[in-house]
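Here it is, written out as structure tokens:
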């Protein structure tokens with residue numbers, strides 16, 4: 263299962279739960295992330311009874327476990343029941359397909375292939391720092407900000423008219439103007455400006 267290892271303000275230990283207590287949605291998410299019991303049974307009880315078991319001596323857990331045996335269900339291969347197989351699967355997940363999946367799960371898969379997925383990693387966002395202005399600069403900056411708002415609004419209204427469903431203030435308001443002057447030292451072209459104000463909303467905006 264792909265889950266957060268630690269959830270802020272969540273329950274990250276079994277000891278934080280009370281056995282037999284009602285689980286709300288947040289508890290259910292936390293419980294599913296940390297439960298040490300069979301995940302197949304955990305999902306089943308969550309669907310049937312509305313809670314995720316956390317202890318193997320849970321009566322409903324034992325009953326479902328016995329039911330699975332009685333109907334000859336195959337042995338579960340979840341990450342709790344088969345941790346070494348799950349680790350092997352994660353190691354070879356990039357190479358897995360329908361033809362080799364069982365071999366990977368049984369640790370009988372060997373390959374010389376290496377998959378490099380660094381090209382798929384998201385581009386690291388450039389960190390911007392806000393410029394601080396002294397009192398004298400603030401006067402000039404505020405004048406510039408007012409001019410930005412005035413010119414953009416005039417251009418937008420000339421292009422699209424006044425009274426439409428989206429006003430000039432919706433496109434470029436006080437917040438966007440403040441962002442521009444705050445990060446002015448990072449703006450060297452239209453691309454930088456686009457990133458700071460969240461994109462070009464209409465042709466000619468930048």
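Residue numbers (our numbering): 263 to 468.
Just so it is clear, CB atoms sit at the ideal spot from N, CA and C, and this is done for glycine as well.
Annotation: the continuous alpha helix (DSSP H) that includes residue 415 extends over 397-422. Between the beta-carbon of residue 433 and that of residue 464 there is about 7 Å, and that keeps the pair under the 8 Å contact cut. In the three-state DSSP reduction, residue 279 falls in the coil class, being neither helix nor strand.
For residue 314, the closest C-alpha among the options 332, 371 and 291 is that of 291. When the Cα atoms are used, residue 327 and residue 296 turn out to be separated by approximately 19 Å. With respect to residue 273, residue 289 sits close: the two C-beta atoms are nearer than 8 Å.
When DSSP states are grouped into helix, strand and coil, residue 363 belongs to the helix group. Counted as a single uninterrupted DSSP element, the alpha helix (DSSP H) harbouring residue 442 occupies residues 436-444.
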